[in-house]
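K.L.:
Using the numbering used here, the first residue of the sequence shown is number 3, and each one after it goes up by one. Backbone N, C-alpha and C fix where the C-beta goes; we use that ideal spot for every residue, glycine too. Sharing a structure below in structure tokens format, with a few things to ask.
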Amino acid sequence: EEIAMRDDDPEDTLGDVFLSAMFGDHPVGRPVIGSIESISEMTRAQLHSFHVRRYTPDRMVLAVAGNVDHDEVVALAREHFGRRLVQGRDAVPPRKGSGRVPGRPSLRVVERDGEQTHVSLGVRTPGRHWEHRWALSVLNTALGGGLSSRLFQEIRETRGLAYSVYSTVDTFSDSGALSIYAGCLPERFEEVVRVTTDVLETVARDGISENECRIAKGSLRGGLVLGLEDSASRMHRIGRAELNYGEHRSIEQTLAQIDAVTLDEVNAVARQLLTRDYGAAVLGPDTAKVALPQRLQDIAS
């Protein structure tokens, strides 16, 4: 049912297809949800074995936020999970990955009836432990992270080519991806691809402006602080930090890292990443590869 629900949502489907285009047979390129075939063939014994091996206290992080008593939470955790602790076994450290993903990004196309053509294209990035990850976040925000972003202004506000257009950064232990998404009418698809690639080439060559950098940093800061108003956001933040980095980073530390990003650093990251090999995924009607815009055919070749 979850796979069927994903398949009914073009953006969700495209997200899985895009990661497959970017990372191929690497585990990151495989859909987390699996496939109908893999799920149908799964046995109870396999599920039980995976659960016993992976869901152990030394691999778990318990994150709690809100009006709670710390000692009470610790007591409950000890009561429910303590008996499964193995004496002398340290917690599993966060995975850093090898930093190497074989192969090159590619083009994947899914033919599907619908009112829109959907496209994602992007480049691989270093993983979540990269020293310039905050500069990458600023670049992502300036490219497609809000109403004032370069892509939003060029594609939606100036030309009215697409209603939904944005950029995203996904970072994993081994690698990551900076991607651009747009959904548009099929007859506008070629122009959307042209404008998008023109923007990326311009930013790779000339960088972003001081004003764009300032606005992007302010947007990141604002989003981070606003997230503190919600207990669930706080819980997810501290849990992810412990899982991914093995430590809790205060809001002050994170804000300081954002403030420390310079325009030169952002533009150096743009030159480094936006000149790499691109990958892309397309979903929509009449999307035979021979009919795709030339810039997407270049990716395929």
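Taking only runs that begin and end inside the stretch 211-294, name each unbroken beta strand (DSSP E) of 3 or more residues, in chain order.
P.N.:
Those beta strand (DSSP E) runs which fall completely within the stretch 211-294 and span 3+ residues are 280-286.
K.L.:
Would you report the Cα separation of I253 and E117, rounded to the nearest angstrom?
P.N.:
Counted from its first residue, the sequence shown places residue 253 at position 251. Counted from its first residue, the sequence shown places residue 117 at position 115. One C-alpha to the other measures close to 43 Å.
K.L.:
Could you give the first and the last residue of the continuous alpha helix (DSSP H) run that contains I5?
P.N.:
The count along the sequence shown starts at 1 and reaches residue 5 at position 3. From DSSP, the alpha helix (DSSP H) with I5 extends over E4 to D9.
K.L.:
Would you call the stretch 210-219 in contact with the stretch 129-146, where contact means no fewer than 3 C-beta pairs closer than 8 Å?
P.N.:
Segments in contact, yes.
K.L.:
Quick check: what's the CA-CA separation for F52 versus D11?
P.N.:
Taking the first residue of the sequence shown as position 1, residue 52 is located at position 50. Taking the first residue of the sequence shown as position 1, residue 11 is located at position 9. So the two alpha carbons sit approximately 30 Å from each other.
K.L.:
Going straight from the alpha carbon of V171 to that of V19, what length do you get?
P.N.:
Residue 171 sits at position 169 when you count from the first residue of the sequence shown. Residue 19 sits at position 17 when you count from the first residue of the sequence shown. For V171 and V19, the distance between alpha carbons rounds to 16 Å.
K.L.:
In chain order, what residues of the same chain lie with their CB nearer than 8 Å to the CB of G1, ignoring the 5 residues before and after it?
P.N.:
Nothing about residue 1 can be reported from this structure: the residues present for the chain run from 3 to 303 only.
K.L.:
For S22 and I182, what's the separation of their Cα atoms in angstroms?
P.N.:
By 1-based counting over the sequence shown, the position of residue 22 is 20. By 1-based counting over the sequence shown, the position of residue 182 is 180. Taking the straight line from one Cα to the other gives about 15 Å.
K.L.:
Can you tell me whether V70 is helix, strand or coil according to DSSP?
P.N.:
Residue 70 sits at position 68 when you count from the first residue of the sequence shown. Three-state DSSP puts V70 in coil, outside helix and strand.
K.L.:
Just to confirm the assignment, what range does the beta strand (DSSP E) spanning T170 have?
P.N.:
As a position in the sequence shown, residue 170 is number 168, starting the count at 1. That run of the beta strand (DSSP E) goes S166 to T173.
K.L.:
If you follow the beta strand (DSSP E) that G178 is in, where does it begin and where does it stop?
P.N.:
Residue mapping note: residue 178 aligns to position 176 of the sequence shown, counting from 1. Here the beta strand (DSSP E) through G178 covers G178 to C186.
K.L.:
Thinking C-alpha only, which one of P295, V70 and D300 is nearest E189?
P.N.:
Here residue 189 refers to the residue found at position 187 when the sequence shown is read from its first residue. E189 has its Cα closest to that of P295, out of P295, V70 and D300.
K.L.:
Residues in its own chain within less than 8 Å of S40 by CB, not counting five upstream and five downstream?
P.N.:
As a working note, residue 40 is residue 38 in the sequence shown. Within the same chain, S40 has no close Cβ partners at all.
K.L.:
Buried or exposed for D176, please, with buried defined as at least 16 other CB atoms from any protein chain shown within 10 angstroms of its CB.
P.N.:
Locating residue 176 in the sequence shown gives position 174, where the first residue counts as 1. D176 should be labelled buried.
K.L.:
Can you tell which of F191, F154, W136 and L163 has its C-alpha closest to the C-alpha of V268?
P.N.:
For the purposes of this step, residue 268 is taken as residue 266 along the sequence shown, with counting starting at 1. Comparing Cα-Cα distances from V268 to each of F191, F154, W136 and L163, the minimum goes to W136.
K.L.:
Helix, strand or coil, according to DSSP, for G146 in the structure here?
P.N.:
For the purposes of this step, residue 146 is taken as residue 144 along the sequence shown, with counting starting at 1. Reduced to three states, the DSSP call for G146 is helix.
K.L.:
Please state if the CB of P59 and the CB of R80 are separated by a distance shorter than 8 Å.
P.N.:
On the sequence shown, residue 80 is found 78 positions in, with the first residue counted as 1. On the sequence shown, residue 59 is found 57 positions in, with the first residue counted as 1. No, the pair does not count as a contact, with Cβ atoms beyond the cut-off.
K.L.:
Take the Cβ of M24 as the centre, count every other Cβ of all protein chains shown within 10 Å, and call the residue buried at 16 or more, exposed below.
P.N.:
In the sequence shown, the residue the question calls residue 24 occupies position 22. M24 comes out buried.
K.L.:
Grouping DSSP H, G and I as helix and E and B as strand, with all else coil, what is E117?
P.N.:
For the purposes of this step, residue 117 is taken as the residue at position 115 of the sequence shown. Here E117 sits in coil by DSSP.
K.L.:
So V167 and T289 are in contact, right, with Cβ under 8 Å, and what is the actual spacing, rounded?
P.N.:
In the sequence shown, counting from the first residue as 1, residue 167 sits at position 165. In the sequence shown, counting from the first residue as 1, residue 289 sits at position 287. With 8 Å as the limit, V167 and T289 do not qualify as a contact, their Cβ atoms being about 18 Å apart.
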